[in-house]
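Each residue of the sequence shown is one higher than the last, beginning at 1 in the working numbering.
Using N, Cα and C, we set each Cβ at its ideal position, and we do this for glycine too.
Bear in mind the structure is a predicted one, so any value in this text is a computation, not a measurement.
Below: the structure, in structure tokens.
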Amino acid sequence: MTAKLIQGYEVVIGFETHTQLATNSKIFSRASTAFGAEPNTQACAVDLALPGTLPVMNQQAVACAIKLGLALGSTIAPRSIFARKNYFYPDLPKGYQISQFEIPVVQGGEVSFYVGDKPHTVRLVRAHLEEDAGKSVHDQFPTESGIDLNRAGTPLLEIVTEPDMRSTEEAVAYAKELHKIVTWIGICDGNMQEGSFRCDANVSVRKPGAPLGTRREIKNLNSFKNMQIAIDYEIRWQIDQIEDGYSIQQATVLFNPDTGETRAMRTKEDAADYRYFPDPDLPPLVVADSWVQEVKAAMPELPRAMAARFVESYGLPEYDATTLTQSQDMAAYFERTAKACGQAKLASNWVMGEISRRLNTEEIGMDAVKVTSEQLAAMIARISDGTISNNAAKQVFEALWTGEGSDIDAVIEAKGLKQMNDTGALEAIIDEVIAANPGNVEQYRAGKDKAFNALVGQVMKASKGKANPAQVNEVLKAKLA
Ligand SMILES: Nc1ncnc2c1ncn2[C@@H]1O[C@H](COP(=O)(O)OP(=O)(O)OP(=O)(O)O)[C@@H](O)[C@H]1O
Ligand SMILES: [Mg+2]
Ligand SMILES: [Mg+2]
Numbered sequence: 001m002t003a004k005l006i007q008g009y010e011v012v013i014g015f016e017t018h019t020q021l022a023t024n025s026k027i028f029s030r031a032s033t034a035f036g037a038e039p040n041t042q043a044c045a046v047d048l049a050l051p052g053t054l055p056v057m058n059q060q061a062v063a064c065a066i067k068l069g070l071a072l073g074s075t076i077a078p079r080s081i082f083a084r085k086n087y088f089y090p091d092l093p094k095g096y097q098i099s100q101f102e103i104p105v106v107q108g109g110e111v112s113f114y115v116g117d118k119p120h121t122v123r124l125v126r127a128h129l130e131e132d133a134g135k136s137v138h139d140q141f142p143t144e145s146g147i148d149l150n151r152a153g154t155p156l157l158e159i160v161t162e163p164d165m166r167s168t169e170e171a172v173a174y175a176k177e178l179h180k181i182v183t184w185i186g187i188c189d190g191n192m193q194e195g196s197f198r199c200d201a202n203v204s205v206r207k208p209g210a211p212l213g214t215r216r217e218i219k220n221l222n223s224f225k226n227m228q229i230a231i232d233y234e235i236r237w238q239i240d241q242i243e244d245g246y247s248i249q250q251a252t253v254l255f256n257p258d259t260g261e262t263r264a265m266r267t268k269e270d271a272a273d274y275r276y277f278p279d280p281d282l283p284p285l286v287v288a289d290s291w292v293q294e295v296k297a298a299m300p301e302l303p304r305a306m307a308a309r310f311v312e313s314y315g316l317p318e319y320d321a322t323t324l325t326q327s328q329d330m331a332a333y334f335e336r337t338a339k340a341c342g343q344a345k346l347a348s349n350w351v352m353g354e355i356s357r358r359l360n361t362e363e364i365g366m367d368a369v370k371v372t373s374e375q376l377a378a379m380i381a382r383i384s385d386g387t388i389s390n391n392a393a394k395q396v397f398e399a400l401w402t403g404e405g406s407d408i409d410a411v412i413e414a415k416g417l418k419q420m421n422d423t424g425a426l427e428a429i430i431d432e433v434i435a436a437n438p439g440n441v442e443q444y445r446a447g448k449d450k451a452f453n454a455l456v457g458q459v460m461k462a463s464k465g466k467a468n469p470a471q472v473n474e475v476l477k478a479k480l481a
């Protein structure tokens with residue numbers, strides 16, 4: 001792999017992503033995981049590890065891990081172990097976090113994606129189940145910090161990659177692909193603002209061919225935009241340090257969105273500092289193959305498989321298929337439209353074009369789309385049967401989107417958008433245009449294509465845009481021959 005160098009340095013990036021699993025209750029207790037409750041109303045005795053309580057594994061969380069493993073071609077460990085990761089922090093009243101260390105439930109696998117039109121693959125090391133900690137609240141009280149333990153015990157799947165990424169673009173593309181997959185298979189709601197999908201980017205730089213440089217880990221990047229700014233800044237900062245003669249210290253750094261800079265928070269613990277040991281309260285996690293098969297049978301079709309099918313069965317270009325499978329909603333909408341009108345490429349053009357453009361400008365999702373797939377299909381049918389032109393269709397679409405009309409034929413009628421399909425009337429117009437533009441006619445006969453286009457323009461204008469351009473071409477050519 002040839003990587004782009006920055007000032008003669010190669011960039012190396014590895015990701016740890018904490019995905020909050022979409023379970024109703026916590027990983028080891030029955031407390032709710034709903035977001036936004038009053039502070040400290042959703043942490044029970046188990047989440048706090050009060051004496052006499054015991055954690056009980058949430059089966060749903062394990063099912064989520066199995067799904068991810070199946071989606072990414074990983075090995076699902078038949079037997080994995082929970083460990084205590086010991087550290088002190090005010091939002092961790094137990095003094096340890098239950099995590100998986102030596103034997104995680106998901107091992108290996110890979111994520112494949114495109115950067116532009118170049119395919120990339122990032123290998124996974126592992127994905128392990130763990131509980132989240134609480135939250136320290138620093139902006140509620142002027143002189144004190146608060147602790148909110150609602151998040152304590154929320155199930156997380158930490159997905160760890162090999163240090164396989166070689167640029168910021170690649171890292172962001174990886175994160176977007178992973179985000180797409182975890183939301184697609186329904187194990188995570190993907191809400192980055194609420195912290196459901198938190199990425200830590202481990203960044204180092206080195207001269208090509210040199211051993212790996214020392215990494216600094218940027219914590220909790222909560223938007224793709226911030227991710228890009230933070231990694232870019234971190235790369236520059238590390239190169240500047242090295243060029244100035246300093247060495248890089250392994251550290252955990254925070255990104256400040258207000259300044260666009262990263263700043264060291266603490267020097268990084270090594271695994272040994274956590275004094276990991278198997279949690280005596282939890283037996284090994286045993287996943288029978290029959291369970292894996294059961295989950296597999298219920299897996300939805302994955303985005304890449306779906307894209308391949310769109311190419312195969314609808315004859316779509318690769319680009320269309322990849323774009324349409326950016327989200328399940330969009331893919332489903334496309335497919336309903338294509339099936340209903342039998343014009344897959346036209347359906348794809350409208351979904352990727354007009355529909356996407358309007359969703360973007362109005363900052364709404366597919367769930368709030370204002371033209372139903374039935375309406376779009378009916379409109380496309382009117383384009384392909386020659387009732388309206390593509391241009392007229394834009395006006396129909398506008399009326400549907402704004403709610404001005406809902407029945408396609410009624411809108412076409414009311415706006416007078418019907419294409420002229422009466423050959424006699426069209427011929428009359430063309431005769432008039434030919435008579436009125438002898439100059440253009442002469443030029444066309446002398447071999448000037450431009451003059452022909454001018455005549456087509458005149459006919460379209462005279463028909464008030466209702467002539468069918470293909471038909472105009474045909475009749476005009478015949479008459480001029
Ligand atoms: N030299 C390096 N440059 C960039 N990334 C690296 C380098 N070495 C390791 N990494 C990446 O750093 C990440 C390390 O994650 P891992 O969970 O194994 O350990 P950790 O960060 O020490 O633990 P913790 O979960 O406590 O943060 C991996 O994604 C790995 O690919
Ligand atoms: Mg980690
Ligand atoms: Mg880490």
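Per DSSP, the bridge partner or partners of residue i
| i | result |
| --- | --- |
| Glu-158 | His-18 and His-128 |
| Tyr-9 | Ile-6 |
| Leu-221 | Cys-199 |
| Phe-113 | His-120 |
| Asp-148 | Lys-135 |
| Arg-206 | Glu-10 |
| Arg-483 | Residue 483 is absent from the model: the chain starts at 1 and stops at 481. |
Residue i, DSSP secondary structure in three states
| i | result |
| --- | --- |
| Gln-140 | coil |
| Ala-481 | coil |
| Asp-47 | coil |
| Met-192 | coil |
| Gln-395 | helix |
| Lys-135 | strand |
| Ile-235 | helix |
| Leu-467 | The sequence as given places Ala at residue 467; Leu does not occur at that position. The answer is strand: DSSP assigns Ala-467 an E or B state. |
| Val-106 | strand |
| Gln-228 | helix |
| Ile-98 | strand |
| Met-1 | Here the model assigns Met-1 a pLDDT of 47, short of 50, so the residue's position is not dependable and the matter cannot be decided. |
Buried or exposed (CB count within 10 angstroms, at least 16 for buried), residue i
| i | result |
| --- | --- |
| Pro-104 | buried |
| Met-1 | Here Met-1 scores only 47 on pLDDT, less than 50, and its place in the model is too uncertain to base an answer on. |
| Asn-40 | exposed |
| Lys-477 | exposed |
| Pro-303 | buried |
| His-120 | buried |
| Ala-201 | buried |
| Glu-404 | exposed |
| His-128 | buried |
| Arg-198 | buried |
| His-179 | buried |
Pair within 8 Å by beta-carbon distance, residue i and residue j
| i | j | result |
| --- | --- | --- |
| Pro-78 | Val-287 | yes |
| Ile-380 | Trp-401 | no |
| Ile-355 | Val-369 | yes |
| Leu-156 | Glu-194 | no |
| Val-295 | Leu-72 | no |
| Val-433 | Val-411 | no |
| Leu-485 | Met-352 | Coverage of the chain is limited to positions 1 through 481, which leaves residue 485 absent and any answer about it impossible. |
| Ala-65 | Val-106 | yes |
| Glu-310 | Ala-171 | One detail in the question is off: residue 310 reads as Phe in this sequence, not Glu. Not closer than 8 Å, so no. |
| Leu-68 | Ala-133 | no |
| Ala-43 | Gly-153 | yes |
| Ile-218 | Val-203 | yes |
| Ile-248 | Thr-214 | yes |
| Asp-320 | Ser-290 | no |
| Tyr-89 | Val-122 | no |
| Met-366 | Tyr-333 | yes |
| Pro-280 | Ile-81 | no |
| Ile-388 | Leu-417 | yes |
| Ile-419 | Gly-386 | In the sequence under discussion, the amino acid at residue 419 is Gln, which differs from the Ile named in the question. Cβ distance < 8 Å, so Gln-419 and Gly-386 count as in contact. |
Cβ of residue i within 8 Å of any chain E Cβ
| i | result |
| --- | --- |
| Trp-184 | Of the protein chains in this structure there is only one, and it is not chain E. |
Original post:
If you scan the segment 237-316 from start to end, which runs of the alpha helix (DSSP H) of 4 or more residues do you find wholly inside it?
Top reply: Taking only runs of at least 4 residues, the alpha helix (DSSP H) segments lying wholly in the segment 237-316 are 289-297 and 303-314.
Original post:
In the segment 23-87, which residue ranges form an unbroken beta strand (DSSP E) of at least 3 residues, counting only runs that do not cross its ends?
Top reply: As for any beta strand (DSSP E) of minimum length 3 sitting wholly inside the segment 23-87, the runs are 82-86, ordered along the chain.
Subject >> Length-filtered (4 minimum) alpha helix (DSSP H) runs lying within the segment 402-465 >> reply: Here the runs fully enclosed are 408-414, 423-436, 438-445 and 449-462.
Subject >> Start-end ranges of the beta strand (DSSP E) lying completely within the segment 329-390, minimum 3 residues >> reply: The DSSP assignment places no complete beta strand (DSSP E) segment of no fewer than 3 residues inside the segment 329-390.
Original post:
When a residue counts only if its C-beta is closer than 6 Å to some heavy atom of ligand 5, which residues count, in chain order?
Top reply: No copy of ligand 5 appears in this structure; the ligands present are ligand 1, ligand 2 and ligand 3.
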